[in-house]
Every structure is written in structure tokens, then in C-alpha cells.
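In the numbering used here, the protein residues as written are 228 to 457.
Ideal placement from N, C-alpha and C gives every residue a C-beta, glycine not left out.
Working notes for the structure below.
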Amino acid sequence: MKRLFRLLIVGTLLLSTSCSAPDKQERYKKYREALESVLNDRILPDGTELEYPGAVDWYPWEVPEELRYDDFAIFDIDNDGKEELIISFSTAPAAYHHNYIYQYDEDTEEWHLETINTAGTPYYDNGIIIDLAYHSNEDSIIHPYAVRRYDRLSDEYILLVYVDGVIGDNGEPVYKLRGFDGEDSVTFYDQDEYDSFLEDTLGNSNEIDIPFVELTEDNIASIGNSSTEA
């Protein structure tokens, strides 16, 4: 946890020294405009139209409170010294529960999509995302997931491997890892090998607590205040 705090402090210092106050306010204006478009028009920052309605449109009865609002955060999730705009949709049908991570480019005045992943999946301070699948197979012994890693050169999260696990014919766990390193490859691990894989992937990293707030007009209007900044 102390390591996470140190990383966040370093990211904040980098941001404060690389961006003047007017630059930050202009960027916050872009965040507000983008989120207003999401909230009112169902259009994502890069111009993509959402493929589904919000819960208030499709729910057949009174919408539960926890499904009433989607969420967003302005937060340096990849520790590159710049805040990303993270939009989390959880009011949609389960197959559309997505997190979108965007970086605004002041030079091109365009939004860059770093990744789309399942809402609620954990992010780690070593740049790893454990991207949970929408559902698991009946015989799975773990919830299937993909491992994504932040790549600074492309400023995107790269898909590394997809992981699932079942009980083998001998009654022991068997983990299937499908790699995406240029050409598909499949590797099978026993329990010890899988545990080593997890250790190599996560190590001593910490899960990041993203400061999400509800996607409402009031919260959008308050962007630039301490209540919505990381």
C-alpha cells in the first residue's frame, strides 16, 4: 500500500510540473464536454455511439438504486503523469458492462482509447489489468480472465494471455493459457505452475482503488474541483 501511495504522489508531482493551470482547466473543460455527450447523447469521447440504452430506458420495472447511474473517474491509472478519463458502464445488460479508458491529446485535440475492459475488473500499479470475462463456463474452476499490460510506447493496454481452468481427468486442476504474442499459443499449467505465473504477473503490486463518482450533471460540472480529481 505504501508503494501505491508513493506512485500516486510521484504521478501528481509530474502532472503539476508538466501542466500549467490554464492547460489543466482547458483539459477539464474537454472532460466535461465529453461526459456531457456520454450522459445526454450516449456518445463516447472518440465519437463512438454506445450500442445499448441506459437502465432507465430498458429496465422493465423501477430501476434499482445501484443501477441508476454509471460512473466516471479522472485519474492517472497508468502512472504516465497524465490523468485519464475512465468511464464505467454498469447500468447496461451484463455483456455491456465496460470500462473505457481515454487519454486526451492536447496536440491533436483528439481522444485516444487506451483500453476497453469489463467493469469491475482489478487494475494494478505495475500496469496489469486482470480483465474478467463476462461469464464463466460451467466446468471452470476460476472465473476466466485476460491479462493486459500497459505499454508506454503505444499508450495502450496490450492483451498478453487469456486464462481459464478446469479439473483434469486425473482430478487435479489444469489451467489453460492462450497467449497472444504475435501468434496464438496454448500452454497448460498444473497448480504449482499456475501459482508461479500469478506471482510473475502480479508480484508485489497493489490493486488500485479508482475514485469513481456517479455520472451525473452535478459531478460533471464539478470537474476541476478536488472532489472529482485524483
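Where does residue i sit, in a helix, a strand or coil, going by DSSP?
| i | result |
| --- | --- |
| LEU271 | coil |
| ARG379 | coil |
| TYR416 | strand |
| PHE463 | Residue 463 cannot be examined here, being either before or after the span of the chain that is shown, 228 to 457. |
| VAL290 | Residue confidence is low: VAL290 scores 45 on pLDDT, short of 50, so the model does not pin down where it sits. No coordinate-derived value is stated. |
| ASP445 | helix |
| ASP263 | Note that residue 263 corresponds to Glu in the displayed sequence, not to Asp. Helix. |
| PHE439 | coil |
| LEU429 | helix |
| SER454 | In this predicted model, SER454 has a pLDDT of only 47, less than 50, meaning its place in the structure is not dependable enough to derive any value. |
| GLU278 | coil |
| TYR296 | coil |
| GLU434 | strand |
| SER423 | helix |
| ASP366 | coil |
Which residues share a DSSP beta bridge with residue i?
| i | result |
| --- | --- |
| VAL374 | ILE357, VAL388 |
| PHE302 | GLU311 |
| GLY395 | DSSP lists no partner for GLY395. |
| TYR329 | LEU312, LEU340 |
| PHE407 | ASP411 |
| THR335 | BP columns for THR335 are empty, so no partner. |
| PRO349 | Paired residue(s): none; PRO349 is not in a bridge. |
| TYR402 | GLY392, TYR416 |
For residue i, count neighbouring Cβ atoms within 10 angstroms of its own Cβ and tell me buried if that reaches 16, exposed if not.
| i | result |
| --- | --- |
| GLN177 | With the chain covering only 228 through 457, there is no way to say anything about residue 177. |
| GLY392 | buried |
| HIS362 | exposed |
| LEU380 | exposed |
| ASP411 | exposed |
| THR275 | exposed |
| THR335 | exposed |
| GLU289 | For GLU289, the predicted model reports a pLDDT of 48, less than 50, meaning its position is unreliable; a value from the coordinates is still stated below. Exposed. |
| ILE394 | exposed |
| ASP303 | buried |
| THR414 | exposed |
| ILE314 | buried |
| LEU425 | exposed |
| GLN319 | First, the residue type needs correcting, since residue 319 is Ala and not Gln in the sequence shown. Per the 10 Å Cβ criterion, buried. |
| GLU310 | buried |
| ALA373 | buried |
If I'm right that residue i touches residue j with Cβ under 8 Å, what's the distance once you round it to whole angstroms?
| i | j | result |
| --- | --- | --- |
| LEU312 | PRO349 | In fact, because the Cβ distance is near 19 Å, the residues do not count as touching under 8 Å. |
| TYR384 | GLU341 | 6 Å |
| ASP305 | TYR377 | 5 Å |
| LEU277 | ARG269 | 4 Å |
| ILE447 | ARG259 | 5 Å |
| PHE388 | GLY406 | The question names Phe, yet the displayed sequence has Val at residue 388. Confirmed, about 5 Å. |
| LEU386 | ARG375 | 6 Å |
Counting Cβ pairs, one atom from each stretch, are 3 or more of them under 8 Å apart for the segment 434-443 and the segment 295-313? yes
Can you find at least 3 beta carbon pairs, one from the segment 414-434 and one from the segment 341-358, that sit closer than 8 Å? They touch, by the three-pair rule.
Does the structure place the segment 321-328 close enough to the segment 340-347 that three or more beta carbon pairs sit under 8 Å? yes
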